[in-house]
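Heads up, the thing below is written out as structure tokens.
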Amino acid sequence: MKIVIGALLSVLSITSALAETVLITGTNRGIGLEFVKQYAERGATIIATARRPSEAKELLALAAQHPKVTIEALDVTDVAAIEALALKYRGKPIDILINNAGTLGDVPKQSIGSLDQAEFLYVINANTYGALKMAEAFKPNLAASTQKKVFGMSSGLGSSAMVTRRGGFYAYRASKAALNIVFRSLAADWRDQGIIVGIIAPGMVETDLLRASGFQGRSITPTESVAGMIKVIDGMTLDNNGAAINYDGKVIPW
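Going from the sequence shown to the numbering used here is simple: count from 1 and add 222.
Next comes the structure, spelled out in structure tokens:
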């Protein structure tokens, strides 16, 4: 009997994965591209966005291999573009929205002695407002789905508790700290509607963004990071979505 029940649960899990629709922003490279790969491998229908799809050669090749992957042009700092994409997909249930798109920004322009207001606001717009606007625009799609999950991509650099010996990255840190609080507030607002609002973080991943930051420590691969985050996403419920969860399942202190 236990074997039969276990097999049934396994079938149901596979069926659920095959039926899910996932919208992922910022998929031209790195973590976003890896999200598309791993969700495609488990049979999900994927809407993958990139600012310049024609230049995203790996993403285009991936879509050619997986007919359930659709690529859309989107800059998350462009509100009109977000609203247009939401209009295009009006009425389509979206189980999971992963707000992966973001930017480190120009490091010198967010350093003391050379602070640039326009750069600071651009980073906030891309990393915080863009994610929140995406959640707002696609709320009806999430509400109409089975899983009803939306995620903001955080970072340990957004944690005030983890600022110790290395400061800097003022715009990026501010944008991720802001993301944490607005998504936590969103989780409270949407809880009664059954929409799960989560905050996830990829860890120190070997990407162009990490190299641009000047980080010299140990890093993990996008494959390892995304596999961990998908496990967190799968396990996220209305009861455990109030914290920022790292790819390894550990809570990032505020």
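Positions of the beta carbon are idealized from the N, C-alpha and C atoms, including for glycine. Please read all numbers here as calculations on a predicted model, not as lab measurements.
In the DSSP annotation of this structure, the continuous segment of the alpha helix (DSSP H) that includes residue 401 starts and ends at 392–412. DSSP, reduced to helix, strand and coil, places residue 291 within a strand of the structure shown. Contact between residue 303 and residue 297 holds, since their C-beta atoms are separated by about 6 Å, short of 8 Å. Residue pairing for residue 371: DSSP places it in a beta bridge opposite 318, 418.
Rounded to whole angstroms, the Cβ separation of residue 308 and residue 359 is 4 Å, and the two are in contact under 8 Å. Rounded to the nearest angstrom, the Cβ distance from residue 290 to residue 316 is 14 Å, too far for a contact under 8 Å. Secondary structure at residue 442: strand, using DSSP grouped into helix, strand and coil. Comparing alpha carbon positions, the residue from 426, 376, 394 closest to residue 344 is 394.
By a beta-carbon distance limit of 8 Å, residue 418 contacts residue 460. Their separation comes to about 6 Å.
Classified as exposed, residue 403 has fewer than 16 neighbouring CB atoms from the shown chains inside 10 Å of its CB.
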